[in-house]
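Engineer: Residue numbers 150 to 304, in my numbering, belong to the letters of the sequence shown in order.
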Amino acid sequence: MKKSALVLVVVLAAAVQMYAADALVGTWVFNPASAKSTQSNALKSRTDIVEAQADGSLKVTRTETRGNGQTQKGTYPIRFDGKEYPVQGNLDYDTISAKRIDANSYEARVTKKGGPYNQLSRTTVSADGKKRTVVSKGTDSTGKASESTYTYDRK
Numbered sequence: 150m151k152k153s154a155l156v157l158v159v160v161l162a163a164a165v166q167m168y169a170a171d172a173l174v175g176t177w178v179f180n181p182a183s184a185k186s187t188q189s190n191a192l193k194s195r196t197d198i199v200e201a202q203a204d205g206s207l208k209v210t211r212t213e214t215r216g217n218g219q220t221q222k223g224t225y226p227i228r229f230d231g232k233e234y235p236v237q238g239n240l241d242y243d244t245i246s247a248k249r250i251d252a253n254s255y256e257a258r259v260t261k262k263g264g265p266y267n268q269l270s271r272t273t274v275s276a277d278g279k280k281r282t283v284v285s286k287g288t289d290s291t292g293k294a295s296e297s298t299y300t301y302d303r304k
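This is the structure:
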């Protein structure tokens, strides 16, 4: 009986973690018409594929084109524990840390080791699950103070 109860608790805990991640999971496409940014090399296009992982974290695969025409690709984990994790690829940043705020939002910091890029952002998925908004503030890749609000549509 104790073993069955333990298994049930573990299964329920995993289900709760997966449910909490569901609002963030999906393919998100940047909507340039609603963008506001003071970054020196703002976005032209971006697609994020966000996948739930068995441990309750998320895996993000990002493809983007910046204002100067440069294409960037990268993959990174979002683990919600506040610890820094490496970013793979050629994005402007090489580490990310994140903390969950609620089922539809989280806060993240991305930085470039040895470089000026440092952004704190808050990501929120709308109540209907169709829009994702990312509000960021910090310094861009040139060291210039920057702020941005980017909206994404669920594909």
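Positions of the beta carbon are idealized from the N, C-alpha and C atoms, including for glycine. Since we're looking at a predicted model, the values are computed, not measured.
(1) Alpha carbons only, please: which of 236, 298, 228 and 286 is nearest the one belonging to residue 173?
(2) Can you list, in chain order, the residues of its chain whose CB lies under 6 Å from that of residue 185, leaving out five sequence neighbours each side?
(3) Which first and last residues belong to the beta strand (DSSP E) in which residue 254 is found?
(4) Using DSSP bridges, identify the partner residues of residue 228.
(5) Classify residue 191 as helix, strand or coil using the three-state DSSP reduction.
(6) What is the rounded straight-line gap between the Cα of residue 290 and the Cα of residue 275?
(7) Could you check how far apart the C-beta atoms of residue 252 and residue 270 are, in whole angstroms? I think they sit under 8 Å.
(8) Consult DSSP for residue 182 and reduce its assignment to one of helix, strand or coil.
(9) So which of 242, 223 and 246 has the shortest CA-CA distance to residue 230?
Structural biologist: In this structure, then:
(1) Here residue 173 refers to the residue found at position 24 when the sequence shown is read from its first residue. Answer by Cα proximity: 228.
(2) Residue 185 sits at position 36 when you count from the first residue of the sequence shown. Around residue 185: 298.
(3) Locating residue 254 in the sequence shown gives position 105, counting from the first residue. Element bounds for residue 254: 254–260.
(4) Against the sequence shown, residue 228 aligns to sequence position 79. According to DSSP, which records beta bridges pairwise, residue 228 is partnered with nothing at all.
(5) Translated into positions along the sequence shown, residue 191 becomes position 42. Residue 191: coil per DSSP, three-state reduction.
(6) Stepping through the sequence shown from its first residue, residue 290 is reached at position 141. Stepping through the sequence shown from its first residue, residue 275 is reached at position 126. The alpha-carbon atoms of residue 290 and residue 275 are separated by roughly 29 Å.
(7) Locating residue 252 in the sequence shown gives position 103, where the first residue counts as 1. Locating residue 270 in the sequence shown gives position 121, where the first residue counts as 1. Not quite, the Cβ-Cβ distance comes to about 18 Å (not below 8 Å), so this is no contact.
(8) If you number the sequence shown from 1, residue 182 lands on position 33. The answer is helix: DSSP assigns residue 182 an H, G or I state.
(9) Stepping through the sequence shown from its first residue, residue 230 is reached at position 81. When each option's Cα is compared against that of residue 230, the closest is 246.
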